[in-house]
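Take a look at the structure set out below.
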Amino acid sequence: MEKVTEIRIVFVTTNTLQSARHIAKIIVSEGLAACCSIIQNLTSFFSWQNVMTERNEYLLIIKTTTSKLNPLEERIIQLSNDEVPEILAIPADFAHKGYFDWLINSLH
280 MEKVTEIRIV FVTTNTLQSA RHIAKIIVSE GLAACCSIIQ NLTSFFSWQN
330 VMTERNEYLL IIKTTTSKLN PLEERIIQLS NDEVPEILAI PADFAHKGYF
380 DWLINSLH
């Protein structure tokens, strides 16, 4: 029996909407994520190779479980056009029971 603490929200950024949509469609269709939302037109500031960088980005918010994290990470690395893709996962503290049940059933 899965618990809500097994849910992970994964954040991934990419530099084009086309790339974000491509990643989202593949990871959902392959059962690595139950859902993937895309937030458009973010501006990120970061240091890359000692150079201050500003980049327009697209944020994928991926809903998955702990058991899918490793294969999800591998797949995102394969699909990303970034040399070092941003992949961050955080646990969910709460989920509505209906949503939780749907998420778990979507991944099996």
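When you read off a place in the sequence shown, starting at 1, and then add 279, the result is the number in our numbering.
Ideal Cβ placement from N, Cα and C applies to all residues, glycine included.
None of the values given here were measured: they were computed from a predicted structure.
Any chain C beta carbon closer than 8 angstroms to residue 336: Looking at the structure shown, chain C is missing, and only one protein chain is on hand.
C-beta atoms of residue 348 and residue 374 nearer than 8 angstroms: Taking a C-beta distance under 8 angstroms as the contact criterion, residue 348 and residue 374 do not qualify as a contact pair.
Cβ pair count under 8 angstroms reaching 3, the region 292-306 against the region 376-384: With the cut-off at 8 angstroms, the region 292-306 and the region 376-384 do not touch.
Among 331, 310 and 336, the one whose alpha carbon lies nearest that of residue 319: The shortest Cα separation from residue 319 among 331, 310 and 336 belongs to 336.
For residue 352 and residue 366, the rounded distance between their alpha carbons: Going from the Cα of residue 366 to the Cα of residue 352 covers about 7 angstroms.
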